[in-house]
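Notes follow the structure.
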Amino acid sequence: MVDGLHYAVLYGLFLSFVAIGPIFFLLLEISITKGFRSALAFDFGAIFADIVFIFFAYYSTSSLIEKIKDDPNLIIFGGLILCAYGVISYIKTAKSFRKIVREHYSVDTNNKKNFIGLFIKGFFLNFINFGVLAGWIVAIATATKFTGGTKLGMFIFVATILVTLLVMDITKIMLAKKLKNKMTPRFIFKAKKWVSIIIIVFGAIMIVKGFYSRIV
Numbered sequence: 001m002v003d004g005l006h007y008a009v010l011y012g013l014f015l016s017f018v019a020i021g022p023i024f025f026l027l028l029e030i031s032i033t034k035g036f037r038s039a040l041a042f043d044f045g046a047i048f049a050d051i052v053f054i055f056f057a058y059y060s061t062s063s064l065i066e067k068i069k070d071d072p073n074l075i076i077f078g079g080l081i082l083c084a085y086g087v088i089s090y091i092k093t094a095k096s097f098r099k100i101v102r103e104h105y106s107v108d109t110n111n112k113k114n115f116i117g118l119f120i121k122g123f124f125l126n127f128i129n130f131g132v133l134a135g136w137i138v139a140i141a142t143a144t145k146f147t148g149g150t151k152l153g154m155f156i157f158v159a160t161i162l163v164t165l166l167v168m169d170i171t172k173i174m175l176a177k178k179l180k181n182k183m184t185p186r187f188i189f190k191a192k193k194w195v196s197i198i199i200i201v202f203g204a205i206m207i208v209k210g211f212y213s214r215i216v
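Heads up, the sequence shown stops at 216 in our numbering, and the numbers go up one at a time, no gaps.
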């Protein structure tokens, strides 16, 4: 079981550094623009979506999982939602430069943050990425290999991956937060626009991938 936990940590590190998507960029942006607690609320939402995927991958039949994770219509649907979110976010950001300036120079204790809204946003944006489901299917298969499929062993293995992800995300948040004092409102304004564009690009890639899967 000790060797298995080593693999669990390595897999968590792999997901943290390799599986870079819209969640990664939004996490950094929220950390810089809204602070540590806001970014943590967003991250908890994303991790809760991971937990939902874990239960789904564990309790569903293999054939159902394969059907869902490779369904091109679901991939296209997720891509459309990402594109829509990115476009709306870009439009809102383009009209909010003055608001960004006010938030940048305001006293943090006077800022009322919507932690529940950020939690829901993190959950939603992670949940529509069906590539995350595929990643957790691999994690469940790996956990089964190293633990013999025992419930306690599976729980410890998967929990180790989640804890590794959370620790790495907190590290990212803290590093990004240190950059806040060096960021000008104009830089933050441009960064938010670029994050929106990146989300649109990820959504477009999912749509193209979905249509390609339908063709072939």
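Quick reminder that beta carbons are idealized off the backbone N, C-alpha and C, glycines included.
In this text, all values refer to a predicted model and were calculated from it rather than measured experimentally.
Query	Result
Nearest-angstrom Cα separation, counted from ARG214 out to SER31	38 Å
DSSP three-state assignment for ASN126, whether helix, strand or coil	helix
The segment 151 to 168 contacting the segment 50 to 61, beta-carbon criterion three pairs below 8 Å	yes
LYS252 vs PHE24 beta-carbon contact at 9 Å	Beyond the ends of the chain as shown, which are 1 and 216, falls residue 252; an answer cannot be given.
For THR144 and TYR11, believed in contact at Cβ under 8 Å, the rounded distance	Between THR144 and TYR11 the Cβ distance is about 13 Å, and since that is not below 8 Å, they are no contact.
LYS95 (DSSP reduced to helix, strand or coil)	coil
Inter-residue spacing [alpha-carbon to alpha-carbon] between ILE81 and LEU40	23 Å
Option in ILE128, ALA134, PHE44 and PHE115 with minimal Cα separation from ALA84	ILE128
Closest residue to LYS192 among GLU29, ILE205 and HIS6 (Cα-Cα distance)	GLU29
For VAL132 and PHE53, the rounded distance between their alpha carbons	8 Å
Between the CA atoms of PHE124 and TYR90 - distance to the nearest angstrom	18 Å
Pair within 9 Å by beta-carbon distance, ILE197 and GLY86	yes
Range covered by the alpha helix (DSSP H) that runs through GLY35	Counting along the chain, GLY35 falls outside any alpha helix (DSSP H), and DSSP gives it neither H nor E.
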